[in-house]
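Notes for the one structure printed next.
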Amino acid sequence: MGLFDKLFKKKETQHGISERQVEKEKPIEQMTFQKAQPVIKDQIKRGHIGTYKRQVYFDTVKELKERYIAFDVETTGLSPMNDKIIEVAAVLFENGEITQSYTSLVNPEVFVPYSATAINHITNEMVQNAPKENIVFAELVEFLGDALKQQTTICAHNASFDMNFLSETLMRLGYDGKISYVDTLSLSRSLIKGLHNYKQDTVAMYFDIVNNQSHRAVTDAEICGKILWNLLQIEEKEEEKRLRNLEKSKPCDEEMEICAYIQNCIMKNGGDSKWLGFYKNSSNYVDVSYLYSILKFKCAKKGKYIIVEKSSAEKLNCNIEPCTMSEGGSDYVRVYFNSPFELEPLKSYLFNIYAKCRKSALDYFKYNKRYEAEHKNSPAMLNHLSDMDVAALLESAEKRKLMEKVVSETMENSNDESRISREDIIIQPIHNRVPLDGIRNKNNWEKGYDEGYPFWERGDNLRKEGNVEDAIKLFDHARYNGYDAPVLYDSYAMAYHKLKDYANEIDILDEGIVRERKNGINVSRLEARRDKAIQLLYKQQEAEKKKLEKEQIKNENIKIISETSTKTTGRAILQLTDDMTLIKRYDTIAQAVRETGVNSKSIRDAAKGVQKHAGGYVWKYADGADEELL
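Read left to right, the sequence shown gives residues 42 to 671 (this note's numbering).
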């Protein structure tokens, strides 16, 4: 008995199996064909073969690429119980290359139907002298080796068909084992979109794999193995893409500190964090979810804000702005904050929306138990926080708050003489805005919001489209009707900024800072905008000064030319710098050549405009320079 026989408990027949020898069969016309008969129990005890379909994930791709066996069979029909294998092939792939293969026709000892021959082109004459299945499968078992112990994966296209025939035949012959397999048909359907069908030949064509002899076991097995290799490449790329997206979906450290504070608020009120997760979407909003989304916040350039219901934010002493339509529309507002600890007034609101969402989530889990496991592996739950994580992040948030305070105080107390102040510029705004005492609904925020907000919204859309002048007119209407929010002054500032009208930008921001500060709103963002506008206006005014100075220099040059003009026998020439500052007037080109050493032809060419410089200087004829220098 061979080693593989001992391993897989193959039982000997009464006479045993000797070395492989091909029996000479009777001529086909003398053969009597009959349906396959079950093996007598007294001869061979039936074995057991377990087959297990393997799912392909990123962490299994590397292992599969190293080694797998592609398998294919041709049969007399579709029933593993009633039909027989007439050809079998197994091809070993290692790192994408074929290293070994086994193939053989099999004498089924039954008639091969014409319907089977029409598909696989295997005739009764071809299998007449082929070895019988007990010999072929003994050799196949030896070739498969550890694949019957699930240590090497087998692949096939529409693998359930091939595995059913393989396992049934092996069990009938008394073999035991376990087989892990990959189905390239189902894998193709999940990784390749848009094919009209997923037959092996169609998938092979997609990968530019040529099969010159389809429906023969060895070629089909080779093609199947090559298909799997290409599918593994796709799975690797898809998984890398998924991992990159997951990395992007992870909130940054500062955002996770906010998440930790929200979770801590919920836990302190008696909630649980079992299904609480956090996910950063492509628009950079961080979604807080308990199966379903609870709320979202954003760390934007102009500040950190959380989206809350308008009714819950009315009494908050903080910077509040209307939301965009995508954020919730008129029913929600942005609540700005610097530190997550400033969200303390919202702790009841946070718990209430959590409790409502939790009830729906638990009801759904009761309805669909499987979804609980799926949600556990969702992107949001990958950012789930433990109690230790929350404690560490809150400590980090405290340190960040302290650091920001120190930096702010340092900046306020610094004596930076180079900093441009309000006094360094001249503010001369020209605008026909309604004065403050002419504004409607000044003492009725709700009415001012209702009547003014639509004007601001339309104006801001126009501003984004580039129509800033019409946008400013609508902002004026919003202001006149009593709309008083930091976002209005932001929009005003951005519109004037686009026009480079920094004086009006500073003027409107001055108003916004005073008004919003009276309302108890943090105006640091408006102050930052104003500081930037002051810097730009200063540069603009300095540029105007330099322009005036340049004009003065030109006028002085003209005066010098007129004062030094004398009658000469030649044509006077002027030596100038690039900014048209006069260096010297020469009565003749010859004099200029003597004193500068510059070639006379080069000076003439420069004076005529043939070239820009001669000797590194600009040259102009004195009698034609007056007008030009002006």
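We put the beta carbon where it would ideally sit given N, CA and C, even for glycine.
Approximately 11 angstroms separates the beta-carbon atoms of Q241 and D224; this is outside 8 angstroms, ruling out the contact.
Taking 9 angstroms as the cut-off, the beta carbon of R571 is found no closer than this to the beta carbon of D531. Within the DSSP secondary-structure output, R626 pairs in a beta bridge with L615.
Comparing alpha-carbon positions, the option among L272, Y373 and K219 lying closest to F248 turns out to be L272.
Under the criterion of beta carbons closer than 8 angstroms, Q304 and L317 qualify as touching, at roughly 6 angstroms.
Listed in chain order, the beta strand (DSSP E) runs fully inside the region 209–285 are 218–224, counting runs of at least 3 residues. Per the coordinates, the alpha-carbon of L146 lies some 23 angstroms from the alpha-carbon of V251.
As a beta-bridge residue in DSSP terms, V114 pairs with V129. Taking a C-beta distance under 9 angstroms as the contact criterion, E276 and F134 do not qualify as a contact pair. Here A402 really is in contact with Y331; their C-beta atoms are around 5 angstroms apart, less than 8 angstroms. Look at A341 here: in three-state DSSP terms it is strand. Inside the region 362–422, DSSP marks whole beta strand (DSSP E) runs of 3 or more residues at positions 373–378, from first to last along the chain. Counting along the chain, the unbroken beta strand (DSSP E) around Y143 starts and ends at E138 to L146. Around E298, the same chain offers P381, L434, L435, S437, A438 and R441 as residues with beta carbons nearer than 8 angstroms, after the five sequence neighbours per side are excluded. Taken atom to atom, the span from the alpha-carbon of A663 to that of K586 is near 28 angstroms.
Going by DSSP, I90 is part of the beta strand (DSSP E) stretching over I90 to K94. The region 383–397 makes no contact with the region 549–556: fewer than 3 CB pairs, one atom from each, lie closer than 8 angstroms.
In the DSSP annotation of this structure, the continuous segment of the alpha helix (DSSP H) that includes S532 starts and ends at P527 to L540. Residue pairing by DSSP places W660 opposite Q616 in a beta bridge.
Taking one beta carbon from each stretch, the region 263–270 and the region 334–349 have fewer than 3 pairs nearer than 8 angstroms; the two do not touch.
The C-beta of V376 has 16 or more other C-beta atoms within 10 Å across all chains shown, which makes the residue buried.
Around R612, the same chain offers T629, I630, Y662, A663 and D664 as residues with beta carbons nearer than 8 angstroms, after the five sequence neighbours per side are excluded. Secondary structure of I480 (DSSP, three-state): coil.
Here C306 carries a helix assignment [DSSP, helix/strand/coil]. Sorting A245, I549 and A396 by C-alpha distance to the C-alpha of G311 places A396 at the top. Between L181 and V129, the CB-CB gap stays under 9 angstroms. A straight-line Cα-Cα distance of about 9 angstroms links T164 and A157. The C-alpha of S427 lies about 14 angstroms from the C-alpha of K309. Take the alpha-carbon of G523 and the one of V509: they are about 21 angstroms apart. Annotated three-state conformation of F152 is coil, per DSSP.
Looking at the backbone, the Cα of D313 and that of R558 are separated by about 39 angstroms. Measuring C-alpha to C-alpha distances from T194 to each of E174, G235 and A111 identifies A111 as the nearest. Annotation for T193: no alpha helix (DSSP H) segment contains it, and DSSP assigns it neither H nor E.
Around the Cβ of Q616, a 10 Å sphere holds 16 or more other Cβ atoms; the residue is buried.
A distance below 9 angstroms separates the beta carbons of F206 and I126. With respect to the 9 angstroms criterion, I90 and L211 are classified as neighbours on the basis of their beta carbons.
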